[in-house]
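Q: Protein sequence lines, in the order shown, are assigned to chains A and B.
Quick note, the first sequence lines up with residues 1 to 227 if you use the working numbering.
Quick note, the second sequence lines up with residues 1001 to 1227 if you use the working numbering.
In this text, a Cβ means the ideal position worked out from N, Cα and C, and glycines have one as well.
It should be emphasised that the depicted structure is a prediction, and the values quoted were computed from it without experimental measurement.
Protein chains: 2
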Amino acid sequence: MKQITKYIIKNSLKRIFLYRACLVRLRLMGVEKVFSYTLANETGVTSEQVRKDFSEFGIKGNKRGGYDINDLLEKMEKIFHRNKDHNLVLIGMGNLGLALSKYSKFVQRNMNIVATFDIDPFKQKQRSDIPVYSMDRLKEIVDRFRVKVAILAVPEISAQEVADKLIRHGIKGIVNFAPVLLKVPQDVIISNVNLCDELESVIYYVHKQIKVDGLKNLELLYKDMKY
Amino acid sequence: MKQITKYIIKNSLKRIFLYRACLVRLRLMGVEKVFSYTLANETGVTSEQVRKDFSEFGIKGNKRGGYDINDLLEKMEKIFHRNKDHNLVLIGMGNLGLALSKYSKFVQRNMNIVATFDIDPFKQKQRSDIPVYSMDRLKEIVDRFRVKVAILAVPEISAQEVADKLIRHGIKGIVNFAPVLLKVPQDVIISNVNLCDELESVIYYVHKQIKVDGLKNLELLYKDMKY
DNA sequence: TATATTTTGTGATTTGTTTCACATCAATTT
DNA sequence: AAATTGATGTGAAACAAATCACAAAATATA
Ligand SMILES: NC(=O)c1ccc[n+]([C@@H]2O[C@H](COP(=O)([O-])OP(=O)(O)OC[C@H]3O[C@@H](n4cnc5c(N)ncnc54)[C@H](O)[C@@H]3O)[C@@H](O)[C@H]2O)c1
Ligand SMILES: NC(=O)c1ccc[n+]([C@@H]2O[C@H](COP(=O)([O-])OP(=O)(O)OC[C@H]3O[C@@H](n4cnc5c(N)ncnc54)[C@H](O)[C@@H]3O)[C@@H](O)[C@H]2O)c1
């Protein structure tokens, strides 16, 4: 049965990503060990929160000794399946799609856009290093590269239709840039990125002059946001 | 004092945006009245949640009669300061910046990118309808157009430096696309958009075959996500 | 006008998340 | 070897968010 799947990254997972980025930086600087309060300082949370988050993901340090950075990163890579490569497809090679197809950080993080797709034959001329195919080659590519996750950058009006097609061909997760709530089967993960909403809420909060910061900020805080 | 400002849109605010999009669609279809359970159905939440959210933002309906769509949208416009225009600047006219500068939905929602900026003189040739200036004209433009919110699409390495400059010139809110935690004064709102993290978490959840859906989905749910 | 019906609005309750407080362990010092 | 120190890990407590349950209000019906 198809239904609206609202999917929001859990805050603890968001924080884990922050810790990881921080650990990568520290390792680059030659640091080998880290304490929960170091990570806490760098990421604007409390040290208990760091330890609780780690414990949620089954990560253990050594008492008194803190955490070994290499060890920690290795465990995280396993948790996030970063030891394997992940093949992605990108649908819609318009303004946004083109930018995304050129974004090098995806590759650095083992996520490869193996092909992009567009209905517009004009766009199907190679626009970046990655080939641009017409939609009728979707199944072939998805099967060949065992693609499970897609990036959807088509206009609002086509988003549902394209999502349906993706799912028919075996896609299980979609990062959706179109400002619509997609109706999908229960086992499909949808992450909606809505830049207008993002901007509007910044404007909203700027107008209220309210914010959340690392050093837990006052009564206004919990009235209006969560972290 | 500068510090890490972690800012996450409150879920109730996210839902309000969903309701609004839905109301706009309904109005377009000629519908005039709406009940909490209609909105709930369309957005994948419960009707109590809709009413609680409305009450948080001080929105009242009429018992038995539901809500008047025009009235509701008007109230929301006021809450989100959508009756006025909001001028924005966009810094970094690379791949992503160019795409964003061409995004028409911002204007449709009363958010105007009045100018874009880049240090690269090559990019300073007009790349879209909006002018591309060098950074030394930032202050002039921000002052002239009373800009309070900026979109930051520069490389990771320059993000903090550019953010500092923006804030010196009076910017109070930033939507940041660079994958770094910016250190800013307490009264500045930062919203981080991290596409890699977004993709990685979809991959993570796809691997776990876990999802949240509108019809509250069992034990697996609360173990891993929140909505 | 009285009664039934429908939908809102909100206290009370449940569920989830963060912070607190401290036992536990490992390393260092005496 | 014992005492001290400094960090982790985790139940308990505090806090926040979502759901439940129902009174109150508005409308429809008899
Ligand atoms: N441009 C931005 O910065 C931006 C920002 C946020 C969100 N978005 C959203 O991302 C989506 C794409 O935006 P854009 O600015 O790149 O639009 P665009 O019009 O430039 O590109 C859309 C592309 O999708 C293709 N397309 C249309 N229907 C298709 C179909 N059925 N199958 C395959 N391809 C199809 C078109 O040919 C076009 O190339 C939109 O939903 C938009 O709202 C864009
Ligand atoms: N391209 C994408 O799809 C994408 C996706 C997610 C996140 N991002 C992030 O967004 C940012 C921009 O990405 P991009 O792909 O557009 O990069 P890019 O290199 O194409 O563009 C960056 C632009 O910023 C300009 N710039 C550099 N330093 C500057 C400074 N000090 N002041 C003003 N302008 C400066 C450069 O001249 C360039 O035009 C990066 O932080 C990237 O990680 C990009």
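1. Would you report the Cα separation of THR1043(B) and ALA178(A), rounded to the nearest angstrom?
2. Check for me: the alpha helix (DSSP H) holding GLN3(A) runs from which residue to which?
3. For the 8 Å Cβ check, are there 3 or more pairs between the region 147-165 of chain A and the region 82-100 of chain A?
4. Can you name the start and end residues of the beta strand (DSSP E) that GLY65(A) belongs to?
5. Compare the beta carbon distance of VAL1114(B) and LYS1123(B) with 8 Å and say whether it is the shorter of the two.
6. Closer than 8 Å, CB to CB, is VAL953(B) near chain A or not?
7. Assuming ALA99(A) and LEU1195(B) form a contact by the criterion Cβ under 8 Å, report the distance between their Cβ atoms to the nearest whole angstrom.
8. When you measure from the CB of PHE177(A) to every non-hydrogen atom of ligand 1, does any distance come out below 7 Å?
9. On the DSSP bridge list, what partners appear for LYS183(A)?
10. Per DSSP, GLY30(A) is paired with what?
11. In or out: SER1036(B) buried (at least 16 other Cβ within 10 Å) or exposed?
12. Starting from the Cα of GLU156(A), find the closest Cα among GLU140(A), ASN176(A), ARG20(A) and LYS60(A) and give me that residue.
13. Pairs of beta-carbons, one from the region 1003-1016 of chain B and one from the region 193-207 of chain A, closer than 8 Å: are there three or more?
14. Against ASP197(A), what residues of chain B qualify as contacts under a CB-to-CB distance less than 8 Å, listed in chain order?
15. Among the candidates ASN192(A), LEU138(A), HIS207(A) and SER201(A), whose CA atom is the shortest distance from the CA of SER1201(B)?
16. In the DSSP assignment, what are the bridge partners of MET1111(B)?
17. Hey, how far is the Cα of ASP1118(B) from the Cα of GLY1173(B)?
18. So, is GLY170(A) buried or exposed, given that buried needs 16 or more other C-beta atoms within 10 angstroms?
19. ASN176(A) lies in the beta strand (DSSP E); which residues open and close that run?
20. Show which residues of chain B have a CB atom less than 8 Å away from the CB atom of PRO179(A).
21. Roughly how many whole angstroms lie between the Cα atoms of ARG1109(B) and ARG1025(B)?
22. Give the residues of chain B in contact with LEU98(A), contact being defined as C-beta atoms less than 8 Å apart.
23. List the residues of chain A whose Cβ lies closer than 8 Å to the Cβ of GLU1161(B), in chain order.
24. Got a sec: is the Cβ-Cβ distance from ILE1031(B) to anything in chain A below 8 Å?
25. Closest Cβ-Cβ distance between LYS1002(B) and chain A: below 8 Å?
26. Is the separation between the beta-carbon of ARG1020(B) and that of MET1111(B) shorter than 8 Å?
27. List the residues of chain B whose Cβ lies closer than 7 Å to the Cβ of HIS169(A), in chain order.
28. Determine the DSSP secondary structure at SER1012(B), reduced to helix, strand or coil.
29. State the DSSP-derived secondary structure class of ALA150(A), mapped to helix, strand or coil.
30. Using 8 Å as the threshold, is the C-beta distance between GLN1003(B) and LYS1165(B) below it?
A: Based on what the coordinates show:
1. 15 Å
2. Premise fails: GLN3(A) lies in the beta strand (DSSP E), 2-4, not in any alpha helix (DSSP H).
3. At 8 Å Cβ cutoff, the stretches touch.
4. Premise fails: GLY65(A) is in no beta strand (DSSP E) and is neither H nor E.
5. no
6. Because chain B is modelled from 1001 through 1227, residue 953(B) falls outside the range shown and cannot be assessed.
7. No, ALA99(A) and LEU1195(B) are not in contact; Cβ-Cβ is about 10 Å, not under 8 Å.
8. yes
9. ILE4(A)
10. The partner list for GLY30(A) (beta bridge, DSSP) is empty, contrary to what the question assumes.
11. buried
12. Shortest Cα-Cα distance from GLU156(A) to any of GLU140(A), ASN176(A), ARG20(A) and LYS60(A) involves ASN176(A).
13. yes
14. By Cβ distance, chain B contributes ILE1009, LYS1014 and PHE1017.
15. ASN192(A)
16. HIS1086(B)
17. 19 Å
18. Label assigned to GLY170(A): exposed.
19. First-last of the beta strand (DSSP E) with ASN176(A): 173-176.
20. ALA1021 and LYS1105
21. 14 Å
22. ASN1095 and ALA1099
23. In chain order: nothing, as chain A lies at least about 17 Å away.
24. Reading the sequence as shown, one finds Val at residue 1031(B) and not Ile. VAL1031(B) does not count as touching chain A.
25. no
26. no
27. Those do not exist, as HIS169(A) stays about 15 Å from chain B at its closest Cβ, beyond 7 Å.
28. helix
29. strand
30. Taking 8 Å as the cut-off, the Cβ atoms of GLN1003(B) and LYS1165(B) do not count as close.
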